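> Residues 10 to 461, numbered by this note's numbering, are exactly what the sequence shown covers, in order. Below is the structure I would like to discuss, written out as structure tokens.
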Amino acid sequence: MAETAGSLPERSFDVCIVGGGVLGTCLAFWVSELLECKVALVDMESKVAIHASSRNTGVVHRPFYMNPEKKRRFARAANRSFGMWERLAKEYSLPWRRTGIVEVAIEETSLPILRNYLKWAGMNGMREDEMQFLDSSEIRAIEPLVECRGGVISKNDAAVDYRKFTECVFSLAQDNGVKFIGGMRLKEVKLGDGKTPSLRLERNDGQEALQLDCGLLVNTAGGGALQLAHSMGLAREYAELHFRGDYWAVRDPGISSRISHSIYSVPKRSEYPFLDPHLVLREDGRVEIGPNAAMVGGPYVYDGFTGGVTQLLSELVERPMAPKLRLLVDSEFLSLVWEEWRRSISKEAMCDRVREFVPTLGHEMLGAKAAGGVRNSLVSRDGFVHEAVEEWSDHSLHVLNYNSPGATGAPAFSAQLVSTLIEKGYLKNRRRGNGRSPHGSIWSFEDANGLD
């Protein structure tokens, strides 16, 4: 239940977490699970997990495709969190469909990349028996509709509904006393004499205001995280670009009934942090194709071409400009932007890409668009940032660029954040009772926190 200005008896908290997505919710859970402190979870929506945490492929990933040098923390967090999500699903009867992923090479030149995946899987903590390299005939034996040069199968990836998972963790956090302040936007952060944050919140309709004081502000606001950091004078060297991923439903049972795995292809432009369109097998049996990566003018532009040309142009010229200039004069990047926009407005264009490895798929087999989400990609002078970024001040932590596979890794990644907050002295509250957490039989903080 969301608190309002009128119903909230307390206005002072030890920790205020801004952003009720899967990361912020998991973080609220760990802080309240381990320590005797007052925690508020703040979000502009009246429920948790409304945006990126529910608008995604719904896959609990195994980290075979993540370069352990570029995305080490994401990969390690994903590996440790996989079993945690599975235990939560069993304990609370949440949908968990073991689908696995088949990733294929359309061209001969992509086969070495797949063989690298086998190495990366082991480096990222996966067991040897979870992955297998298959030639084209072996791929056809398990996925008869697929044409390729070869592929790998990751056997244990699962399809879930991340909104339900986040709501479950949120319920456990509320059991621990976490207060949810929903439907209110953060308008301003002021720092007191001791540099402790004071948050001015305003209800979405502007009819109600609220001020919260806290000892520690943790920013996990997703699409709003960089703006909040900038407002506090932090992360000024970074800019942000927003890319919407659209999906189309496959309505033809001749296709959907014959797909037994989610099917990906090796990205054609691996220098950019996007996956090429693929066939997604959902937890309820639906099959969709997508996503693309259409540049849009903001973090919540779920419909339309760009969110409006004016809004997009405003986004592009917003300071700091320098990190974006390199991309905006890059002909390869601009070509990618155009192709991704085409796939956003044309099911034929999206279908043509997937037909490269599922040739029997026709655009007439596709139904309506499914719910898409927006990736908020951090950009520096060196180009796209591949890992999450943490910005610290005296009484705040800002988590930026927490992207895919962020939902997969949230339990372990948030545990690592809490451990760092304790080590740095940001959280000095006493441990709960006898040192045992109320829900310790579900998740182990020690196991989750061992990311290195």
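For each residue, glycine too, the CB sits at the ideal point set by N, CA and C. Please read these numbers as outputs of a predicted model, since none were measured by experiment.
1) Does DSSP classify Val-113 as helix, strand or coil?
2) If we count Cβ pairs, one from each stretch, closer than 8 Å, do we get three or more for the region 214-234 versus the region 184-200?
3) With DSSP as the reference, identify every bridge partner of Gln-220, one or two as the case may be.
4) According to DSSP, simplified to helix, strand and coil, what is Val-169?
5) Give the secondary structure of Glu-246 by DSSP, where H, G and I count as helix, E and B as strand, and everything else as coil.
6) Ends of the alpha helix (DSSP H) at Met-359?
7) Hey, is the region 91-99 in contact with the region 174-181, meaning 3+ C-beta pairs nearer than 8 Å?
8) What's the gap between the Cα of Thr-34 and the Cα of Thr-175?
9) By the 10 Å Cβ neighbour count, where 16 or more other Cβ atoms means buried, how is Trp-347 classified, buried or exposed?
10) In the DSSP assignment, find the unbroken alpha helix (DSSP H) run with Lys-99 in it and report its ends.
11) Mapping the DSSP letters down to three states, classify Asn-228 as helix, strand or coil.
12) Buried or exposed, going by whether 16 or more other CB atoms sit within 10 Å of the CB of Asn-213?
13) Spell out a yes or no on whether the region 383-394 and the region 203-213 are touching, meaning 3 or more CB-CB pairs, one atom from each, closer than 8 Å.
14) For Val-113, does the count of other Cβ atoms within 10 angstroms reach 16, so buried, or fall short, so exposed?
15) Just curious, the beta strand (DSSP E) that Gly-160 is in, first and last residue?
16) With a threshold of 16 other CB atoms inside 10 Å of the CB of Met-330, please say whether the residue is buried or exposed.
17) Measuring only the C-alpha atoms, how far is Lys-277 from Gly-67?
18) Touching or not, the region 21-33 and the region 48-57, by the rule of three or more beta carbon pairs under 8 Å?
19) Distance check for Phe-189 and Ala-14, CA to CA, integer angstroms please.
20) When the distance is taken between beta carbons, is His-251 closer than 7 Å to Gly-313?
21) Grab me the residues of Asp-461's own chain with a C-beta within less than 8 Å of its C-beta, minus the 5 sequence neighbours each way, in chain order.
22) The alpha helix (DSSP H) that contains Cys-46, what's its start and end?
23) By how many angstroms is the C-alpha of Glu-249 removed from the C-alpha of Ala-238?
24) Please report the residue range of the beta strand (DSSP E) in which Trp-401 lies.
25) Taking the alpha helix (DSSP H) that Lys-128 belongs to, which residues open and close that run?
26) Does the beta-carbon distance from Gly-109 to His-270 come in below 7 Å?
27) Spatial neighbours of Phe-38 within its chain, please: CB distance less than 6 Å, with the 5 preceding and 5 following residues excluded, ordered by chain position.
28) Does the region 117-125 come into contact with the region 144-152, if we say contact requires no fewer than three beta-carbon pairs (one atom in each stretch) closer than 8 Å?
29) Going by the CB atoms, is the gap between Met-132 and Ser-163 shorter than 7 Å?
30) Can you tell me whether Val-31 is helix, strand or coil according to DSSP?
31) Are the beta-carbon atoms of Ala-457 and Ala-424 separated by less than 7 Å?
32) Who are Gly-299's beta bridge partners in DSSP?
33) Based on DSSP bridge pairs, tell me the residues matched to Gly-392.
34) Between which two residues does the beta strand (DSSP E) carrying Ile-268 extend?
35) Who are the near neighbours of Lys-333 in its chain, counting only those whose CB is closer than 8 Å to its CB and skipping five residues on each side?
By the coordinates alone:
1) strand
2) yes
3) Arg-209
4) coil
5) coil
6) 356-363
7) yes
8) 7 Å
9) exposed
10) 81-101
11) strand
12) exposed
13) no
14) buried
15) 159-163
16) exposed
17) 23 Å
18) yes
19) Residue confidence is low: Ala-14 scores 49 on pLDDT, short of 50, so the model does not pin down where it sits. Its coordinate-derived value is still stated next. Whole-angstrom Cα-Cα distance: 12 Å.
20) no
21) Note that Asp-461 has pLDDT 47, beneath the 50 cutoff, so the model's placement of it is unreliable and the number below is only indicative. Excluding residues within five positions, the ones whose Cβ falls inside 8 Å are Arg-85.
22) First-last for Cys-46: undefined, no H or E at that position.
23) 12 Å
24) 398-402
25) 120-132
26) yes
27) Val-178, Leu-181 and Ala-182
28) no
29) no
30) helix
31) yes
32) His-287
33) Ser-389
34) Here Ile-268 belongs to no beta strand (DSSP E), and DSSP marks it neither H nor E.
35) Ala-248, Leu-250, Leu-325 and Val-388
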